[in-house]
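**Student:** Protein chains in written order, with this note's numbering: chain A, 1 to 363; chain H, 1001 to 1363; chain L, 2001 to 2363; chain P, 3001 to 3363.
Glycine included, C-beta positions come from ideal geometry on N, C-alpha and C.
I'd like to ask you about the structure that follows.
4 protein chains.
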Amino acid sequence: MSYNTFGHLFRVTTWGESHGSAIGCVIDGCPPGLVLDVADIQPWLDRRRPGQSRFTTQRQEADQVEILSGVFEGRTTGTPISLVIRNTDQRSRDYGDIATRYRPGHADVAYDMKYGIRDYRGGGRSSARETAMRVAAGAVARKVLGDMVSIRGALVQVGPHAVDRARMDWGMVNENSLFCPDVAILPVWEEYLADIRKKGSSIGAVIEVVAEGVPPGLGAPIYGKLDSDLAMALMSINAVKGVEIGEGFASARLTGEENADPMRMENGMLHFASNHAGGVLGGISTGQPVVARFAVKPTSSILTPVPSVTREKENVDVMTKGRHDPCVGIRAVPVGEAMMACVLADHLLRHRGQVGDYKPVVL
Amino acid sequence: MSYNTFGHLFRVTTWGESHGSAIGCVIDGCPPGLVLDVADIQPWLDRRRPGQSRFTTQRQEADQVEILSGVFEGRTTGTPISLVIRNTDQRSRDYGDIATRYRPGHADVAYDMKYGIRDYRGGGRSSARETAMRVAAGAVARKVLGDMVSIRGALVQVGPHAVDRARMDWGMVNENSLFCPDVAILPVWEEYLADIRKKGSSIGAVIEVVAEGVPPGLGAPIYGKLDSDLAMALMSINAVKGVEIGEGFASARLTGEENADPMRMENGMLHFASNHAGGVLGGISTGQPVVARFAVKPTSSILTPVPSVTREKENVDVMTKGRHDPCVGIRAVPVGEAMMACVLADHLLRHRGQVGDYKPVVL
Amino acid sequence: MSYNTFGHLFRVTTWGESHGSAIGCVIDGCPPGLVLDVADIQPWLDRRRPGQSRFTTQRQEADQVEILSGVFEGRTTGTPISLVIRNTDQRSRDYGDIATRYRPGHADVAYDMKYGIRDYRGGGRSSARETAMRVAAGAVARKVLGDMVSIRGALVQVGPHAVDRARMDWGMVNENSLFCPDVAILPVWEEYLADIRKKGSSIGAVIEVVAEGVPPGLGAPIYGKLDSDLAMALMSINAVKGVEIGEGFASARLTGEENADPMRMENGMLHFASNHAGGVLGGISTGQPVVARFAVKPTSSILTPVPSVTREKENVDVMTKGRHDPCVGIRAVPVGEAMMACVLADHLLRHRGQVGDYKPVVL
Amino acid sequence: MSYNTFGHLFRVTTWGESHGSAIGCVIDGCPPGLVLDVADIQPWLDRRRPGQSRFTTQRQEADQVEILSGVFEGRTTGTPISLVIRNTDQRSRDYGDIATRYRPGHADVAYDMKYGIRDYRGGGRSSARETAMRVAAGAVARKVLGDMVSIRGALVQVGPHAVDRARMDWGMVNENSLFCPDVAILPVWEEYLADIRKKGSSIGAVIEVVAEGVPPGLGAPIYGKLDSDLAMALMSINAVKGVEIGEGFASARLTGEENADPMRMENGMLHFASNHAGGVLGGISTGQPVVARFAVKPTSSILTPVPSVTREKENVDVMTKGRHDPCVGIRAVPVGEAMMACVLADHLLRHRGQVGDYKPVVL
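Following this line, the structure appears as structure tokens:
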């Protein structure tokens, strides 16, 4: 069974291979009447587009999105929104020499073991190119959430170099091509990444995504928890190996006293003194910022040859020469934001379905 | 929208509150003809049962499971398997004094913000008692997987004290009530937990679950990845704040060279020199052990009063006096194993549905 | 794959075999805060209960429903509602002599071909006993719909004897045990059915279900149409062989002029001059009564021996001696109503999820 | 909630409006390794294409399908298959005069009541043009089913004129543009339809679809029955108002003796003496031909003015002048076949998922 659909009421189905003629998605269940235009989607795609920094792949794709259905006279109709991006810079000959050998650390061998198919064109369906459609869908999800909810992502760690949270400045993130929120660490990262790139190596990273203005009550018990859906969503991004909410793995070292988020009524409003929980209790949003982080492994596309095998069961050493990112974590920032937007939009509709239109909670 | 069903082809729906008359689950989609009896399920429940160690809640539940349907003459029929456990030690008066106040760090306030309902009976649906049914379902999932697949879990960190992986011995895990695989750290943990318990405090933990013998090819691209389904499954366990696969968050610090898993043909079989990937590439199993870890926060039920509020919007300090675990991570070990079993069973059937019965892959 | 769950947001999972220890269902996604008690469900079950008319099976089941979860202090909590009915009159020896032979026209042979299992205890999972849980779920669905929506069913044809629509009186339906709305046809049916019963024969029937007060806008394009979901729901009832909406099969004989439902504004409200459409246009409710009919075949349990085979591939003639209904269509009336209620409740929540709380439509 | 996806393991999501720039579908879950090319799909589309008979709409669409993903080197890859047809003959000015008035009997008013959107371009999403993608998906489904299963459809009734089943000849169906299997009734239909067309009227019809070679065991108990999924699938086709399986509504008039399908072993094989059941018992296929029929209402697009209303709540009479079919049932024949193919393909994979690869059943 293949599963290329994400979400329940706000449902995104993506399709397309890295080097096929196009990639696209179908967004089903979007509320009607939302103002939507290519101009609402394209800027988010531009933000993710490769070739913007010397630390991301130099593949040049205009990534021009086209709306084929679901919008009439500038508004969503409630019927499926079909989005498509034509692939223009496919250069599949770059990959020709690995048609029969598996790139180690890539999905090549796993896909072949599953499907008996070797789609050697740049990873085929497993390519990170698919994430363009997540970003497009995320743009629509932001429309569903409205101005009430604001979602921001940042790179918070590159290899051994983490940001200093005391210096974190969200306003800075869009001012540099590394989505870095810490002015002091930025030059460190740039120097470090230049070195990684020069060596033909790659490095991992950690991304943080924060949603503010999320209404309380989103999520559901047990298997529809907001945080478990977020975990699935973020783990489904290419190269992600870990996901955490709030304190995350750090909570393993904390006592109950240290991890407590005291509550108080202040001016008739519920106020939390801290947010170790990351905005979610029992799988349900509390009105605090929803905070998630995810770890991205270093891409396996490196210039150092790595032992591998061929389809014909011969040993071979594989060096990947294509256009690749020294730190794929960089471009994962807008993708993480998009997945957060999609999960929240879906849960907003799911909550509304069961409980009715959101009313200001008394607390 | 509520969502109490987990899985696609092997589907588990749980129901029941901590202090209601019973808890139960319905397992739909189980293959027919599997030998199944209460004796196949009860031992796993006994392993999770509270009151077995002085570091877990002293609530005494026999947790006797009953099979109400789906099994005939000792074999599964292919129709829904209904399992039920009657609650016997409910003692709901323990919780009476917090009927109107929210326990900080618990789901109380979030449930009330969502549903407008305050089920003060020990957490109601959000209680960890629900995990008993996950363990029961996991026992059935193990039957689906057969002897081919072996799943083991262990506690690998308690507060600041992590196991030494060089000393890890899986054979030890079932020999102590802390599921500890490291003989040298065990007394450290015991002393540390005794102190936590004495203080009325609590502490976080990390659990590792490993599945060996998983056939290659399980999983699916993009939104049905084996690892993203695992992330959802493990994050859905009460108190879990982080999930990682293989190197997990450590991969953020690694270079592509360090993180590579070299492949070689050895005696006609594919062999990986390492397992940084945790057995999953591109969301699909490779035949290597599937390795997941998850972080459990310290329970918020502590003797130290924490600022909170009441339903009537008054400030109050809440101290939780009930029977609770100083380290809820301990009992999460069999639950983590069960979720791994359910995810793998579901993916085994999903894979078989799309691609047909598993055939030995040539590699 | 087995599929014992029905609905999307209002989701019902049933379990249990005819002669197992119990049958039950789990209702997930029910809105919170609804007043719900056993007394809201039991009367509907009593209405369906066998043994009330001499023309239905004499199996005596108290069919006492128990609520195991999801209700607290008299209101739904938004978490799963678990309902169970213990089987009390199982008398499985009635069926012992057909343990190895397939009852012709029953699901026996099909289940065995699918699962390789012969659950000879009165049909096991394929028994009409499962429909008791549909009726119970329907009672909860009616709570979701509220007083706004009224759902009524009636028997409109028994064998060759159809009601005269000019004489149809809904008020009569609950005054006789055949759910007959036509005072003149009732004695005809009684005499006809007495004869069928005396012969040990059986006869088919047609049931009509009408929902009034359904708000416009329920349903969804293409594969979530209100009428296609109704078709699935009604066809899933045991022994049903046909479903129609509005004019149904009669529409094949009509011209566009004859089948038109003219619209007019009257006192500022939209008014339809007729309802050939059965309340649904393009899969979406229009505010007119939703009208569905379904055909129930004669049960195959008859005293006349019918050629059949055994598991051991021997020819045999099978005569069914158990307690059975001469006209299973009679008891299908409350079941049809319940399925209509479940479909409407699900679509009400789905509509609210996508579009928001229902607002009085201007038309 | 919108619902434009059909099926569980073989899943089809369609998108696109009648007069948008394109229509398309995404087929997810298709097994890998199937030989698939545009030439496998196009002939089925050509068969459905309008303008082939003087009794169907004269809209001229080349309906050239393009495969955008999921096929590599002539074989399916197991990843989503994206199909698209560009709309070429949109002529939306034909519909301009009804931009504010609702066409009676069409979905116009219902869509507006649901979504608050009036997509006046030829019905938008509710147009029968969507069925082109069903036919395309059905062509892929036939590949999944393989040569084992043969699916055929025919028109069996046009207005008052039904075929004589004794004269039914499947070989004739593709020899005439009305999909008529009865050589004697064909001229009657042609004359009758010529008259209907001349009057600017329309007429209903009944279509029969038969699948032979369906392996026993497809389907599932209760809510995943093969026949209830067929009912949903066929009822979801535009203008369909009734669905029946086997004897269908005629079974209401039959006794148990008349409706029995006697079984006998003949030459070691199970043989049924008749097929009143239509190939399905208890929701599961028996190996007999699966027989379904559905009724299509007369299209509401007629030259006779019918009372209607405008968005501005004014009364108006509407006459539809566009290019329309006097008998939309004709073109529903290939659509019905396609839905049968999709349902069977889905159930084949679902059965394989739960029970394993199909093995010849002993009976």
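I want to verify the contact list: residues of chain L whose CB lies under 7 Å from the CB of T79/A, in sequence order.
**Tutor:** The contacting residues are P2221.
**Student:** Checking 7 Å against the spacing of the C-beta atoms, do G2153/L and E2337/L come in under that value?
**Tutor:** Their beta carbons are under 7 Å apart, which means G2153/L touches E2337/L by this criterion.
**Student:** Under a Cβ-count criterion, where at least 16 other Cβ atoms within 10 Å of its own Cβ denotes burial, should D169/A be classed as buried or exposed?
**Tutor:** Exposed is the call here.
**Student:** Since I believe I2237/L is in contact with T2131/L (beta carbons under 8 Å), could you give me their beta-carbon distance rounded to a whole number of angstroms?
**Tutor:** Yes, T2131/L and I2237/L are in contact; Cβ-Cβ is about 7 Å, under 8 Å.
**Student:** For G1159/H, which residues of its own chain have a beta-carbon under 7 Å away from its beta-carbon, when the five flanking residues on both sides are left out?
**Tutor:** Cβ neighbours of G1159/H beyond the five flanking positions: Y1192, I1203 and G1204.
**Student:** Where do the N-terminal and C-terminal ends of the beta strand (DSSP E) with E244/A fall, by residue?
**Tutor:** First-last of the beta strand (DSSP E) with E244/A: V240 to I245.
**Student:** For V3012/P and G3138/P, what's the separation of their Cα atoms in angstroms?
**Tutor:** If I take the Cα positions, the gap works out to 9 Å.
**Student:** Could you check whether the Cβ of V206/A sits closer than 7 Å to any Cβ belonging to chain H?
**Tutor:** Closer than 7 Å to some Cβ of chain H, the Cβ of V206/A qualifies, so yes.
**Student:** Where in the segment 1179-1227 of chain H do unbroken runs of the beta strand (DSSP E), each at least 3 residues long, occur, reported from the N-terminal end onward?
**Tutor:** The segment 1179-1227 of chain H contains these whole beta strand (DSSP E) runs: 1205-1212.
**Student:** With 16 other CB atoms within 10 Å as the buried threshold, where does A2194/L fall?
**Tutor:** Classification for A2194/L: exposed.
**Student:** For Y2003/L, count the other beta carbons within 10 Å of its own beta carbon; 16 or more makes it buried, fewer makes it exposed. Which is it?
**Tutor:** Y2003/L should be labelled buried.
**Student:** Exposed or buried, which one is N1987/L when buried takes at least 16 other CB atoms within 10 Å?
**Tutor:** Residue 1987/L cannot be examined here, being either before or after the span of chain L that is shown, 2001 to 2363.
**Student:** Leaving aside the five residues before and after M2319/L along the sequence, list all residues of the same chain whose C-beta is less than 8 Å from its C-beta, in chain order.
**Tutor:** So the qualifying residues of the chain are I2302, L2303, T2304, P2305 and V2306.
**Student:** For M2265/L, which residues does DSSP report across the bridge?
**Tutor:** Answer is L2270/L.
**Student:** If I follow the unbroken alpha helix (DSSP H) through N3174/P, where does it start and stop?
**Tutor:** Element bounds for N3174/P: n/a, residue is neither H nor E.
**Student:** Report the neighbours of V1026/H on chain L: residues whose CB is nearer than 7 Å to its CB, in chain order.
**Tutor:** T2013, W2015 and V2026, listed in chain order.
**Student:** Classify R311/A as helix, strand or coil using the three-state DSSP reduction.
**Tutor:** Coil, per DSSP.
**Student:** Using only the alpha-carbon positions, how far apart do S3251/P and R2121/L sit?
**Tutor:** The alpha-carbon atoms of S3251/P and R2121/L are separated by roughly 26 Å.
**Student:** Closest Cβ-Cβ distance between E3312/P and chain L: below 7 Å?
**Tutor:** So no, E3312/P is outside the interface.
**Student:** What residue range does the beta strand (DSSP E) around D2028/L cover?
**Tutor:** Its beta strand (DSSP E) spans residues A2022 to D2028.
**Student:** Of all the CB atoms in chain P, is at least one closer than 7 Å to the CB of G33/A?
**Tutor:** Answer yes: the Cβ-Cβ gap between G33/A and chain P drops below 7 Å somewhere.
**Student:** Is there a Cβ of chain P sitting closer than 7 Å to that of K2114/L, yes or no?
**Tutor:** Yes, its Cβ sits closer than 7 Å to a Cβ of chain P.
**Student:** Can at least three beta-carbon pairs, one atom from the segment 3205-3217 of chain P and one from the segment 2105-2116 of chain L, be found at a separation below 8 Å?
**Tutor:** Short answer: they touch.
**Student:** So, do the segment 2219-2228 of chain L and the segment 2280-2292 of chain L have three or more beta carbon pairs nearer to each other than 8 Å?
**Tutor:** The answer is yes - the segment 2280-2292 of chain L touches the segment 2219-2228 of chain L, with three or more Cβ pairs under 8 Å.
**Student:** I1196/H: which of Q1064/H, D1325/H, D1040/H and F1179/H sits nearest, CA to CA?
**Tutor:** Among Q1064/H, D1325/H, D1040/H and F1179/H, the Cα nearest to that of I1196/H belongs to D1325/H.
**Student:** Using the beta-carbon of each residue, which ones in chain H are nearer than 9 Å to S2018/L?
**Tutor:** By Cβ distance, chain H contributes nothing, its closest Cβ being about 10 Å from S2018/L, past 9 Å.
**Student:** Closest Cβ-Cβ distance between S3127/P and chain A: below 7 Å?
**Tutor:** No - not a single Cβ of chain A is within 7 Å of the one on S3127/P.
**Student:** Quick check on R1129/H: buried or exposed, where buried means 16 or more other Cβ atoms within 10 Å of its Cβ?
**Tutor:** When all chains shown are included, R1129/H counts as buried.
**Student:** Quick check on the DSSP output: the alpha helix (DSSP H) that includes G2283/L runs from which residue to which?
**Tutor:** Segment: none, G2283/L is in no alpha helix (DSSP H) and carries neither H nor E.
**Student:** For G20/A, which option in H161/A, A277/A, G124/A and N176/A has the closest C-alpha, if you only look at C-alpha atoms?
**Tutor:** Nearest of H161/A, A277/A, G124/A and N176/A to G20/A, Cα basis: G124/A.
**Student:** Using the three-state DSSP reduction, which class does L9/A fall into: helix, strand or coil?
**Tutor:** Correct three-state label for L9/A: coil.
**Student:** Can you name, in chain order, every residue of its own chain whose Cβ lies under 8 Å from the Cβ of L1036/H, other than the five neighbours on each side?
**Tutor:** Once the five neighbours on either side are set aside, the close Cβ partners of L1036/H are I1067, V1071, G1074, R1075, T1076, I1081, V1140 and K1143.
**Student:** Measure from the alpha carbon of G3329/P to the alpha carbon of each residue in W3189/P, E3212/P and R3350/P, then state which is nearest.
**Tutor:** That would be W3189/P, whose Cα lies nearest to the Cα of G3329/P.
**Student:** In this structure, what does DSSP give as the bridge partners for S1082/H?
**Tutor:** Partner(s): V1026/H and S1069/H.
**Student:** Against chain P, does A2107/L count as a neighbour if the rule is that its beta carbon must be under 7 Å from one of theirs?
**Tutor:** Yes - at least one Cβ of chain P is within 7 Å of the one on A2107/L.
**Student:** Quick check: what's the CA-CA separation for D1444/H versus M265/A?
**Tutor:** What the structure shows of chain H is the stretch from 1001 to 1363, and residue 1444/H is not part of that stretch, so it cannot be assessed.
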